[in-house]
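So, in structure tokens, the structure goes:
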């Protein structure tokens, strides 16, 4: 299967700890997005990369959050000093973006469920 | 501020019934995507619609994009228990930049009872 993969699928941590999630996009997809989904809500945009460049960050992404995509392939999302409010499903999506004005169909991974105690 | 309103929020029906779920906004979208999500999993893409008035069919599912590209509907014919899930619509508001981030509705949680 060559879909988007995420690791770990589940993470339980104590408040104040740091956590890191990994996303492996579909091969040759140049765009990678991170979203967060809380219970009863649709996913909300956090940030996205085109190749290795991080082009936009949402206001939802506080200073405790950092994302990287060093070689333009996999990406990591780190949360420092976790808080209970960070508990959510963290979703990664990838796409192959050609030119402005075209569509950018995004394919999602299975997500990482974070629980902060 | 919820840019996309989905209705109904919950829907429980019997196998074999037809249903329609709606996705409405005051914003114009350059494209709109429908996803289905099961508990503990990521959203799975069903369809992308781009052109106002466009209708796409996927087996028993029919998707329509409004003429003004502000709304969309998903119609399921003869629903089956396997159709159970959270149906999410997501739009792209492209103001000429290069960010195609998706704005999601809250979803419609569909339960099809055997």
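Protein chains in written order, with our numbering: chain A, 1 to 117; chain B, 1001 to 1114.
Backbone N, C-alpha and C fix where the C-beta goes; we use that ideal spot for every residue, glycine too.
Chain A contact for residue i (CB, 9 angstroms cutoff)
i, result
"residue 1011 of chain B", "no"
"residue 1001 of chain B", "Low confidence applies to residue 1001 of chain B: its pLDDT is 49, below 50, so where it sits in the model is not reliable enough to give any reading."
"residue 1103 of chain B", "yes"
"residue 1054 of chain B", "no"
"residue 1058 of chain B", "no"
"residue 1044 of chain B", "yes"
CA nearest to the CA of residue i, picked from the options
i, options, result
"residue 1024 of chain B", "B:1017, B:1055 and B:1088", "B:1088"
"residue 106 of chain A", "B:1006, B:1032, B:1019 and B:1018", "B:1032"
"residue 27 of chain A", "A:5, A:35 and A:20", "A:5"
"residue 32 of chain A", "A:18, A:22 and A:12", "A:22"
"residue 1020 of chain B", "B:1076, B:1091, B:1092 and B:1041", "B:1076"
"residue 16 of chain A", "A:110, A:80 and A:91", "A:80"
"residue 70 of chain A", "A:59, A:24, A:64 and A:90", "A:24"
"residue 117 of chain A", "A:77, A:3 and A:87", "A:87"
"residue 75 of chain A", "A:38, A:10, A:49 and A:114", "A:49"
"residue 1010 of chain B", "B:1086, B:1100, B:1092 and B:1103", "B:1086"
"residue 1005 of chain B", "B:1018, B:1017 and B:1026", "B:1026"
Coarse secondary structure for residue i, derived from DSSP in three states
i, result
"residue 1082 of chain B", "helix"
"residue 84 of chain A", "helix"
"residue 3 of chain A", "coil"
"residue 26 of chain A", "coil"
"residue 21 of chain A", "strand"
"residue 1051 of chain B", "coil"
"residue 1092 of chain B", "strand"
"residue 36 of chain A", "strand"
"residue 99 of chain A", "coil"
Those residues which DSSP pairs with residue i across a bridge
i, result
"residue 41 of chain A", "For residue 41 of chain A, which the question treats as bridged, DSSP gives no partner whatsoever."
"residue 113 of chain A", "A:10 and A:89"
"residue 1062 of chain B", "B:1057 and B:1075"
"residue 1045 of chain B", "B:1035"
"residue 1003 of chain B", "Beta-bridge pairing links residue 1003 of chain B to no other residue."
"residue 1068 of chain B", "Bridge partners of residue 1068 of chain B: none, in fact."
"residue 54 of chain A", "A:49"
"residue 107 of chain A", "A:94"
First through last residue of the beta strand (DSSP E) which encompasses residue i
i, result
"residue 1113 of chain B", "1108-1113"
"residue 1010 of chain B", "1010-1014"
"residue 65 of chain A", "65-68"
"residue 1022 of chain B", "1019-1024"
"residue 75 of chain A", "75-79"
Chain B contact for residue i (CB, 9 angstroms cutoff)
i, result
"residue 8 of chain A", "no"
"residue 27 of chain A", "no"
"residue 83 of chain A", "no"
"residue 114 of chain A", "no"
"residue 72 of chain A", "no"
"residue 2 of chain A", "no"
"residue 44 of chain A", "yes"
"residue 104 of chain A", "yes"
"residue 54 of chain A", "no"
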